[in-house]
Amino acid sequence: MTQTGIPSDTNSPRQAPGEAASRSASAKAAPHAAGHSGGKDILKQPLSVWAVAFACVVSFMGIGLVDPILPAIASSLKASAAQTELLFTTYLLITGAAMFFTSWLSTRIGTKKTLLIGLAVIVVFAALAGASGSVWQIIGFRAGWGLGNALFISTALAAIVGAASGGASQAIILYEAALGLGMALGPLVGGLLGNISWRGPFFGTATLMAVGFIAIMTMLRKGSETKPTPTKLTAPFRGLARPGLGVMASAALFYNMGFFVLLAYTPFALADLGLDAAIPLGLIFTGWGVCLAISSVWLAPALTNRMRRTTVLMVVIPLLALDLLLVALLVTSIVAIIVLVILGGIFLGVLNTVLTECSMEATDLPRPVASSAYSGVRFIGGAIAPPVAAALGNAFGAAVPFFFGTAVLVIATLIVIVGRRALRRADGAVEDVEDEAEAIGIGDAA
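Structure below.
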């Protein structure tokens with residue numbers, strides 16, 4: 013048990029003695045080398061990992077799926093921009109709130125059952141959203157969709173980290189690659205199906221999630237997961253009291269607000285300039301998602317292999333803030349917005365990966381607990397941004413939401429700077445006691 017009474021991660025794989033000695037030596041030589049490589053080894057994964065990753069892609073498609081059809085929904089259902097933005101808010105708010113309790117459930121009924129329940133809930137509510145007759149019905153069904161999303165996403169991250177070969181860093185890259193691919197495909201599918209009807213993307217998601225359900229049902233076989241240690245209902249909340257996880261969750265709260273200003277409000281900024289068709293919007297955000305996926309898998313590892321994770325955050329978050337600031341200043345130019353949105357995908361891909369790595373490595377908490385706590389706070393930040401951005405845009409003009417996004421990213425940077433000392437473990441500067449003792453024993457024996 014740890015100091016706060018939360019059990020440590022007893023499911024983490026043990027290292028061989030030689031690996032422990034090597035890790036100890038490398039940490040002393042270069043404490044910032046907490047990075048990894050995103051090379052071909054990441055593709056050598058068990059079939060069960062690929063099944064979960066596929067479902068992750070489809071799940072994350074659900075976030076960007078509605079982006080190209082926001083103007084169409086607003087027009088067809090006679091809804092305001094603020095009402096339409098609630099499609100993001102209810103989804104993300106319920107997702108974030110429910111994530112605090114997913115570790116309690118998953119450690120009692122098991123990873124596979126939790127994943128399947130989450131997918132089944134998404135299938136039902138995505139289909140209901142497609143059959144809706146008013147914007148308020150869609151808002152309500154998106155809330156139910158968010159509940160299923162919480163059960164699935166938080167558990168999927170812990171499942172991939174636990175089952176993937178190559179360690180936690182490789183697993184997180186795979187998870188963030190699924191996020192990026194989902195973000196890339198979501199707007200494209202949303203644009204193509206939304207060009208037929210705004211209902212199409214919802215029914216499309218329900219169908220793809222049903223495929224994901226079958227994939228996990230058949231590929232994540234019994235015995236492929238270790239028996240979880242039940243956690244207390246309060247474990248994620250108590251986990252946030254840990255300085256490392258608390259700092260990361262706080263930074264992610266404001267970071268995700270900036271993320272969703274870019275994702276959720278940009279379609280309305282472009283619509284004000286006459287670009288409101290589903291397919292062009294879908295293609296723009298597909299380019300954004302492709303950049304996000306590529307930088308998650310290749311650029312993020314390249315950076316963290318050369319500098320501390322916290323250094324990467326302190327460099328790249330301000331670059332994203334500058335990107336949003338330029339959008340605000342050039343908000344009357346369609347070309348400028350498109351270029352800056354796609355460029356923003358590069359920064360977002362790096363930050364998604366590094367923030368997730370830091371949160372999972374900042375403490376010795378069990379993976380499901382750390383994932384639930386961090387993801388819960390992060391999604392709540394995403395829930396806050398869309399209605400705030402819409403309200404600011406309606407009251408003060410299209411530039412102001414992006415100024416708001418810039419400000420919250422500056423706050424996120426300051427949180428990392430001020431709390432950097434609490435993130436020494438995430439930077440690889442704190443050695444695991446058992447590994448260090450093992451390495452010392454090997455040295456003595458030699």
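According to my numbering, the sequence shown is numbered sequentially starting from 13. In this text, a Cβ means the ideal position worked out from N, Cα and C, and glycines have one as well. Treat the numbers as computed from the prediction; the structure is a model and nothing was measured.
With 16 or more neighbouring CB atoms inside 10 Å of its own CB, L98 falls in the buried class. The residue from A283, K124, R437, A93 with its alpha-carbon nearest to that of T322 is R437.
Nearest to I291 by C-alpha distance, out of D79, V69, I75, is D79. In the DSSP assignment, Q95 falls within the alpha helix (DSSP H) that extends over 93-121. The DSSP-derived three-state label of P58 is coil. Nearest to T365 by C-alpha distance, out of L426, F66, G192, is G192. The shortest CA-to-CA distance from F272 to any of P213, A65, P413, V201 is the one to P413. T217 is positioned such that its CB atom lies no closer than 8 Å to that of M111. Cβ neighbours of S308 within its own chain (closer than 8 Å, five residues either side excluded): I185, E188, A189, L191, G192, G361, V362, N364, T365. Taking 8 Å as the cut-off, the beta carbon of A434 is found closer than this to the beta carbon of V259. Counting other Cβ atoms within 10 Å of its Cβ, P242 stays below 16 and is therefore classed as exposed. Proximity to L355 across D335, L341, C370 peaks at D335, based on C-alpha coordinates.
C-alpha of L274 to C-alpha of A395: approximately 13 Å in a straight line. Take the alpha-carbon of P330 and the one of L315: they are about 15 Å apart. Judged by DSSP secondary structure, S146 falls outside any alpha helix (DSSP H); it is assigned neither H nor E. In the three-state DSSP reduction, R433 falls in the helix class (H, G or I).
Taking all protein chains in view, the Cβ of L245 is surrounded by fewer than 16 other Cβ atoms within 10 Å, so the residue is classified as exposed.
With a 10 Å radius around the Cβ and a threshold of 16 neighbouring Cβ atoms, K124 comes out buried. The residues F112, in chain order, have a CB closer than 7 Å to that of F249 in the same chain once the five nearest residues on each side in sequence are set aside. Around the C-beta of A65, 16 or more other C-beta atoms lie within 10 Å, and the residue is accordingly described as buried. L257 and L287 have their alpha carbons spaced roughly 41 Å apart. Taken in chain order, the whole alpha helix (DSSP H) runs of length 4 or more contained in the region 279-350 are 290-306, 312-316, 321-341.
Minimum Cα-Cα distance from G224 among the listed residues V381, I165, A183 corresponds to I165.
A contact between stretches requires three or more CB pairs, one per stretch, nearer than 8 Å, and the region 262-269 fails this requirement with the region 341-357. A distance below 8 Å separates the beta carbons of I151 and T102. The C-beta of V430 has fewer than 16 other C-beta atoms within 10 Å across all chains shown, which makes the residue exposed. Taking the Cα positions, I106 is about 36 Å away from N317. Where S262 is concerned, the enclosing alpha helix (DSSP H) starts and stops at 255-272.
For G394, the enclosing alpha helix (DSSP H) has its first and last residue at 379-408. If the five residues before and after L89 are omitted, its C-beta is found closer than 7 Å to the C-beta atoms of S146, V147, all from its own chain and listed in chain order. Between N161 and I134, the C-beta gap is smaller than 8 Å, which places the two residues in contact. With respect to the C-alpha of R211, the residue from S387, A196, L140 having the closest C-alpha is L140. In this structure, V328 keeps its C-beta atom at 8 Å or more from the C-beta atom of F280. CA-CA distance, Q182 to S87, rounds to 44 Å. Only residues of its own chain outside the window of five on either side were considered, and among them Y187, S383 have a CB closer than 6 Å to the CB of L169, listed in chain order.
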